[in-house]
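Sequence lines, in order, name chains A and B.
Here my numbering is used: the first residue of the first sequence is 362, the next is one more, and so on.
Here my numbering is used: the first residue of the second sequence is 362, the next is one more, and so on.
Number of protein chains: 2
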Amino acid sequence: MSRDIRIAPLTVQDFAPFGDVMNCAGVPDKMINAGLCGRFHDRAQLDLDDDGKVGISLFRSELRQLPYTLDMVERHPLGSQAFIPMSMDPFLVIVAADDLIPRAFVTAPGEAINFHRGTWHGVLTPLSGPGLFAVVDRINDGPNLEEHYFETPYRVIS
Amino acid sequence: MSRDIRIAPLTVQDFAPFGDVMNCAGVPDKMINAGLCGRFHDRAQLDLDDDGKVGISLFRSELRQLPYTLDMVERHPLGSQAFIPMSMDPFLVIVAADDLIPRAFVTAPGEAINFHRGTWHGVLTPLSGPGLFAVVDRINDGPNLEEHYFETPYRVIS
Chain A
362 MSRDIRIAPL TVQDFAPFGD VMNCAGVPDK MINAGLCGRF HDRAQLDLDD
412 DGKVGISLFR SELRQLPYTL DMVERHPLGS QAFIPMSMDP FLVIVAADDL
462 IPRAFVTAPG EAINFHRGTW HGVLTPLSGP GLFAVVDRIN DGPNLEEHYF
512 ETPYRVIS
Chain B
362 MSRDIRIAPL TVQDFAPFGD VMNCAGVPDK MINAGLCGRF HDRAQLDLDD
412 DGKVGISLFR SELRQLPYTL DMVERHPLGS QAFIPMSMDP FLVIVAADDL
462 IPRAFVTAPG EAINFHRGTW HGVLTPLSGP GLFAVVDRIN DGPNLEEHYF
512 ETPYRVIS
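As structure tokens, then:
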């Protein structure tokens, strides 16, 4: 079995089993501020356990390079997790279904994503820019991290 | 009374009565992802009414220019509201205490803000860049908008 994973452009349709793509494609749901601002309303399925509290954190990550060696994926059984880039740089998004076979996507500038609760995903992997993200996820304590290490790492290529 | 408001750099201290400044100043609360990513944890006071549901929306706003004519402020009695820039451009942040005398701040690149519930503030006012923001606020229906129009507009200057 090949260990190479080719990166695909992120699309709403391909990403749907794993999470939400948040972007300003199409018409705003509402114009606000006297017509000067478009609101693309409620674009992420925030989903937490009953005791879960949602919060906003900032992540500042080292940049990654291609080819990228993927040796693990993780998931958060107690809540969804949104990665919102704070720069206009595309970033790499890796996900896997229950078969644990990874898929790799790259965002367009100005796109954010939200992993559905319990979805296997790679860690934050910016490829350019300041590596700065706002993260909306479950912020209280609890067993909210599972990791899966691959026996043989994958190689993510463009 | 002068109607000129001079813009000040945003600081945590000056903004504290109005909301939270979210940035990566100082040491991360936690290093994650094998030491490659700093987590600045839970930096916004999300505060909603009991029936409120928090969500992530995107705002795409027209750019504003200085001097900026401020003719109104608004507030959301049922919930806090975070403005997270999706580009590294500073933006203008206007707030007012109960005296309704506005104060104007400008963010540093890579800074987001969260208005505390019920805080008077100006609408989203990007000065440069794509005008693209993620907004974390109360997303369900309800009487969550109050507006105050000034008899004489203010002039916001650098």
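The C-beta atom is built at its ideal place from N, Cα and C for all residues, glycine as well.
Alpha carbon of residue i to alpha carbon of residue j, nearest angstrom
i, j, result
"Val467(B)", "Ile455(B)", "9 Å"
"Ala377(B)", "Thr480(B)", "11 Å"
"Asp403(A)", "Gly416(B)", "5 Å"
"Glu423(A)", "Thr486(A)", "8 Å"
"Arg367(A)", "Ile518(A)", "5 Å"
"Lys391(A)", "Asp412(B)", "22 Å"
"Met383(A)", "Asn475(B)", "20 Å"
"Phe444(B)", "Leu371(B)", "14 Å"
"Ala386(A)", "Ala465(A)", "21 Å"
"Gly396(B)", "Pro428(A)", "20 Å"
"Asp381(A)", "Ala405(A)", "6 Å"
"Glu472(B)", "Pro446(B)", "7 Å"
"Pro504(A)", "Pro389(B)", "21 Å"
"Pro491(B)", "Gln426(B)", "14 Å"
"Thr430(B)", "Lys414(A)", "38 Å"
"Arg345(A)", "Glu508(A)", "Here chain A has residues from 362 to 519 only, and residue 345(A) is not among them."
"Asp502(B)", "Asp375(B)", "32 Å"
"Ala369(A)", "Leu506(B)", "41 Å"
Closest residue to residue i among the options (Cα-Cα distance)
i, options, result
"Leu461(B)", "Glu472(B), Pro514(B), Pro370(B)", "Pro514(B)"
"Cys398(A)", "Pro438(B), Tyr510(B), Ala495(B)", "Ala495(B)"
"Arg400(A)", "Ile500(B), Asn505(B), Gly490(B)", "Ile500(B)"
"Ala457(A)", "His482(A), Glu472(A), Asp365(A), Asp410(A)", "His482(A)"
"Arg436(A)", "Lys414(A), Phe379(A), Ile393(A), Leu453(A)", "Phe379(A)"
"Ile393(B)", "Arg425(A), Val484(A), Asn505(A)", "Val484(A)"
"Glu512(B)", "Val434(B), Pro389(B), Pro504(B)", "Val434(B)"
Cβ pair residue i, residue j closer than 8 Å
i, j, result
"Leu493(B)", "Ser448(B)", "yes"
"Asp450(A)", "Pro470(A)", "yes"
"Ser441(A)", "Leu488(A)", "no"
"Asp459(B)", "Tyr510(B)", "no"
"Arg364(A)", "Arg478(A)", "no"
"Val497(A)", "Val497(B)", "yes"
"Leu439(B)", "Leu409(B)", "yes"
Beta-carbon neighbours of residue i, restricted to chain A and to distances below 8 Å
i, result
"Arg421(B)", "Cys385, Pro389, Cys398, Gly399, Phe401"
"Ile445(B)", "Ile417, Ile445, Met447, Ala495"
"Ile500(B)", "His402, Asp403"
Per-residue DSSP class, three states only, for residue i
i, result
"Gln374(A)", "helix"
"Arg425(B)", "coil"
"Val484(A)", "coil"
"Asn475(A)", "strand"
"Arg436(A)", "strand"
"Leu506(B)", "coil"
"Pro491(A)", "coil"
"Cys398(A)", "strand"
"Phe420(A)", "strand"
"Arg404(B)", "coil"
"Arg391(B)", "The identity of residue 391(B) in the sequence shown is Lys, whereas the question assumes Arg. Strand, per DSSP."
"Gly413(B)", "coil"
"Ala369(A)", "strand"
"Ala457(A)", "strand"
"Phe379(A)", "coil"
"Arg516(A)", "strand"
"Pro463(A)", "strand"
"Ala443(B)", "strand"
"Thr468(A)", "coil"
"Arg364(A)", "coil"
Beta-carbon neighbours of residue i, restricted to chain A and to distances below 7 Å
i, result
"Ser448(B)", "Ser448, Met449"
"Leu439(B)", "What Leu439(B) touches in chain A: nothing, since even the nearest Cβ is about 15 Å away."
Listed by chain order, chain A residues near residue i by CB distance under 9 Å
i, result
"Val484(B)", "Ile393, Asn394, Ala395, Leu397, Cys398"
Neighbouring residues, chain B, relative to residue i (Cβ below 7 Å)
i, result
"Pro327(A)", "Any answer about residue 327(A) is impossible in this case: the structure gives chain A only from 362 up to 519."
"Leu431(A)", "Under the 7 Å cutoff, chain B gives no residues; its nearest Cβ is about 13 Å from Leu431(A)."
Interface partners of residue i on chain B, CB under 9 Å
i, result
"Leu371(A)", "Those do not exist, as Leu371(A) stays about 15 Å from chain B at its closest Cβ, beyond 9 Å."
Chain C contact for residue i (CB, 8 Å cutoff)
i, result
"Leu407(B)", "Although the question refers to chain C, the structure presented lacks it and instead comprises the protein chains A and B."
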